[in-house]
Each structure stands twice: as C-alpha cells, then as structure tokens.
Amino acid sequence: MTKRMYLVDNYVKDFRSTLIKTETEGLVLKETYFYPEGGGQPGDKGTLFINDQAVKVKNTRIKQGEIIHETDTLDFPVGAEVEGKIDWKYRNILMRSHSAQHVLSRYFQFNYQAETVSTQLKAAKSRIDFQPLGKITPEELEKIANDINMILAKNLPISIKTLPRKEAFSYLREKKYQIKYLEMVPKSIKSIRIISIGEYDFAACAGTHVNNTSEIGKISLISTKNKGKLRERIFYSVS
Ligand SMILES: [Zn+2]
C-alpha cells in the first residue's frame, strides 16, 4: 500500500520513491505526494522520471484502494527508482481553491444556515452547492465576496492535525462542524484528518491546503444557479 505523503505535507513538489507495481492505467509508488482525485478535488498531474525517461502523469486517482499515477507508458521494472515532480502551478491553484471553499462553506453555515452538499474544484472556476439556500441577489453576492475577502486578509493560519476517530468527532462537534456525513465514514477509518483555519473553521478533510489564508489571494463570486428546491450552486474563482 502506497504511503500517502500528500496527507502530511502539502508543499512537497519533488520527491523520490520506488515503483512497486504497474496497473493497466498507470504506476503505483511506494510513497507519493501526488493527490488522488477525491472530495471534490481533482487528481494531481505531473511527471515521473524513471530510468532517465520522463513519463507524464495525466491524472492521479484511487482504484480499489491503490493510488494510480495514470501514464501512457507502463513498461518499467518493479523496484525502479522514481523521481516525482508535481505540476505545481495546477496543484497550487487547487489548494488555494480548496482552502477558499472551506471559508465559503463556513460563511454560509454561519450566515445562511446552509449546508455544503457538494463541491467541485477546478483550476479556472470552482463550485459549491448549498442547501437549504434561496436565490442570492447580485448585490448580496458582492457583499459576501467582500466579507470573505476580509476574512482572508486576516492572514489566518491553516493547519492540519489528525485525531483518533472518537476524539475527532467530539472536537468537530464542539467546533460546530456538521458531522453527519462524517459519521457515515466506515468504522475501519480509525483517525480523522482535521483542517483548521484560524479559529474560524474546522473541518474533516483529506484534501490539500495552503498554509495561510493570505496565500489564497482574492476570491470572486462569479454566478449562482438554482439546482432544485432550495439548492443553490455558487461559482467562484481565486486570483
Ligand atoms: Zn476539504
């Protein structure tokens, strides 16, 4: 099983590892900093250097518990040394968008009593679905963007910690995180990774994040779309 180093350090762009397996769609490494698609965040792209050959990683995803670096070339010997290089420009904007999503989700929870029901991060434009949430006027959208940018400008530190399941549940409950989805996580998952943003937000998350809200940049709320009964989709970007 690959060691999931992306859970520990979100700033490693280059690393060394070993090829442990080839699957039909790609390569499996002993350890990886490539983020596999999940939780609304796309998988990392980049390059693996194996035996003096540069192999393009088109996507990273989990298949039956295995982290696959999707490549066109598979013909490498197990045990080969690998140097991994993450497409940092792509990953960094996703990290910034992901941290922004947590702030937005919290803002809507506190100010609109709306829950985040789905998220999809993309480099150019991300989206969050909130429920229950009615139509947001353009004026309101502008006010929300201003409020969010004021929170980001506070330079809040973003930190990662992992707690045992039970402890994590009570900690998150106390911090007013909506844990009802978390409770559906299989009992075999014994520890929970928690992302905190200053004292503003606390959430269970396996994604990649920046270290400080100042790195997110400025958020723009682009548009809204009704997705059914009291379900509103909000599109945003970071710049
Ligand atoms: Zn998250």
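Each step along the sequence shown adds one to the number in my numbering, with nothing skipped, and position 93 is 84.
C-beta: ideal position from N, C-alpha, C; glycine also.
This one's a predicted model, so the numbers in the text were calculated from it and none came from an experiment.
For this session: Go ahead and pull the three-state DSSP assignment for Ser90.
Result: The residue you call residue 90 lines up with position 99 of the sequence shown. Looking at Ser90 - three-state DSSP - the assignment turns out to be helix.
Problem set entry | Residue ranges of each beta strand (DSSP E) within the stretch 100 to 167, 3 or longer | 106 to 111, 117 to 122, 149 to 155
Exercise. Looking at Ala194 and ligand 1, is the gap between the Cβ and the nearest heavy atom below 7 Å?
Worked result: Here the question's residue 194 lines up with position 203 in the sequence shown. Yes.
Problem set entry | Alpha-carbon to alpha-carbon, Ser161 and Leu154 | If you number the sequence shown from 1, residue 154 lands on position 163. If you number the sequence shown from 1, residue 161 lands on position 170. Annotation: Leu154 to Ser161 spans about 10 Å, alpha carbon to alpha carbon.
Exercise. Can you tell me whether Leu65 is buried or exposed, with buried defined as 16 or more other CB within 10 angstroms of its CB?
Worked result: In the sequence shown, counting from the first residue as 1, residue 65 sits at position 74. It is exposed - the Cβ of Leu65 has fewer than 16 other Cβ atoms within 10 Å.
Exercise. Across which residues does DSSP place Gly189 in a beta bridge pair?
Worked result: Residue numbering aside, residue 189 sits at position 198 when the sequence shown is read from its first letter. For Gly189, which the question treats as bridged, DSSP gives no partner whatsoever.
Problem set entry | Glu72 - DSSP class collapsed to helix/strand/coil | Taking the first residue of the sequence shown as position 1, residue 72 is located at position 81. Secondary structure at Glu72: strand, using DSSP grouped into helix, strand and coil.
Problem set entry | Asp5: first and last residue of the uninterrupted beta strand (DSSP E) it sits in | Residue numbering aside, residue 5 sits at position 14 when the sequence shown is read from its first letter. Its beta strand (DSSP E) spans residues 5 to 13.
For this session: Report buried or exposed for Glu223, applying the criterion of at least 16 other Cβ atoms within 10 angstroms of its Cβ.
Result: As a first step, residue 223 is located in the sequence shown; it is residue number 232 there, counting from the start. Buried, by the Cβ-count rule.
Exercise. Taking DSSP as the reference, what is the three-state secondary structure of Arg52?
Worked result: The sequence position of residue 52 within the sequence shown is 61, counting from 1. Looking at Arg52 - three-state DSSP - the assignment turns out to be strand.
Problem set entry | Other residues of its chain near Glu133: CB distance less than 6 Å, five sequence neighbours each side excluded | Sequence index remark: in the sequence shown, residue 133 carries index 142 (1-based). Excluding residues within five positions, none has a Cβ falling inside 6 Å.
Exercise. Which residue from Phe99, Gln44, Ala114 puts its Cα closest to that of Asp35?
Worked result: The count along the sequence shown starts at 1 and reaches residue 35 at position 44. The shortest Cα separation from Asp35 among Phe99, Gln44, Ala114 belongs to Ala114.
Exercise. What distance in whole Å lies between the Cβ atoms of Ala197 and Gly29, which are believed to be in contact at a cut-off of 8 Å?
Worked result: Along the sequence shown, one-based indexing puts residue 29 at 38. Along the sequence shown, one-based indexing puts residue 197 at 206. Sure, about 7 Å apart at Cβ, within 8 Å.
For this session: Pair every Cβ in the stretch -2 to 7 with every Cβ in the stretch 68 to 75, then say whether three or more of these pairs are closer than 8 Å.
Result: yes
Exercise. Anyone know if the C-beta pair for Thr199 and His89 falls short of 8 Å?
Worked result: By one-based count along the sequence shown, residue 199 stands at place 208. By one-based count along the sequence shown, residue 89 stands at place 98. Yes, the Cβ-Cβ distance between Thr199 and His89 is below 8 Å.
Exercise. CA-CA distance, Lys12 and Lys54?
Worked result: Taking the first residue of the sequence shown as 1, we reach residue 12 at position 21. Taking the first residue of the sequence shown as 1, we reach residue 54 at position 63. Near 13 Å, if we compare the C-alpha coordinates of Lys54 and Lys12.
For this session: For His60, verify whether its CB is less than 7 Å away from any heavy atom of ligand 1.
Result: Walking along the sequence shown from the start, residue 60 turns up at place 69. Every heavy atom of ligand 1 is 7 Å or more from the Cβ of His60, so no.
Exercise. Gln169 and Gln100: beta carbons closer than 8 Å?
Worked result: Position 178 of the sequence shown, counting from 1, holds the residue named residue 169. Position 109 of the sequence shown, counting from 1, holds the residue named residue 100. In contact: Gln169 and Gln100 (Cβ atoms closer than 8 Å).
For this session: Return yes when the C-beta of Gly208 is under 7 Å from any heavy atom of ligand 1, and no when it is not.
Result: The residue given as residue 208 occupies position 217 in the sequence shown. For Gly208, the shortest C-beta to heavy atom distance toward ligand 1 is 7 Å or greater.
Exercise. Measuring from the CB of Gly30, is there a heavy atom of ligand 1 at a distance below 7 Å?
Worked result: In the sequence shown, the residue the question calls residue 30 occupies position 39. Yes; taking the cut-off as 7 Å, the Cβ of Gly30 has a heavy atom of ligand 1 nearer than that.
Exercise. Does the stretch 207 to 226 touch the stretch 107 to 127, meaning 3 or more C-beta pairs lie closer than 8 Å?
Worked result: yes
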